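So the structure is just underneath, and the comments pick up after that.
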Amino acid sequence: MGRPTVLLLLLAILTPAAAFRVPPAMKALSSLRWSASSTFRRTVAKNYSVHYIQQKVDHFGFNADKTFKQRYLIADAYWKKNGG
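Under mature numbering (1 follows the signal peptide of the UniProt record, and there is no 0), the letters of the sequence shown match residues -19 to -1, 1 to 65, in that order.
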């Protein structure tokens, strides 16, 4: 790599982010995405319950005593306790 290439690379890395203009349409899309996802989270949070099961870390290794809590979700609207 020659000097001009290195200088150009350094210039691209060290240029402040404020120098790059973000089109207004992209800003609008960004705000729509965040508002939609936050609404979605509030709706979904009421439709499932969170449970944990003690799971082995390594199923095939020699050290079988290490475990972790594995999280799983149950959709309350579709799960019947005795029927599945």
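No residue lacks a Cβ here, since even glycine has one placed at the ideal position from N, Cα and C.
Quick caveat, the model's predicted, so the values are computed rather than measured.
For residue i and residue j, I'd like the C-alpha separation in whole angstroms.
i      : j      : result
A56    : H32    : 11 Å
P4     : F49    : 46 Å
Y59    : D39    : 32 Å
F62    : K47    : It should be noted that the sequence gives Lys, not Phe, for residue 62. C-alpha separation (whole angstroms): 30 Å.
F41    : S30    : 31 Å
R(-17) : L(-11) : 10 Å
N44    : K37    : 10 Å
I(-7)  : R2     : 16 Å
V(-14) : N28    : 54 Å
Where DSSP assigns a beta bridge to residue i, which residues make up the other side?
i   : result
Y54 : Strictly speaking, residue 54 in this sequence is Leu, with Tyr absent from that position. BP columns for L54 point to V31.
K37 : T48
By Cβ distance, which residues of its chain are closer than 8 Å to residue i, with the 5 residues on each side in sequence left out?
i   : result
I34 : K50, Q51, Y53
Apart from the five residues on each side of it in sequence, which residues of its chain come closer than 6 Å, Cβ to Cβ, to residue i?
i     : result
T(-5) : none
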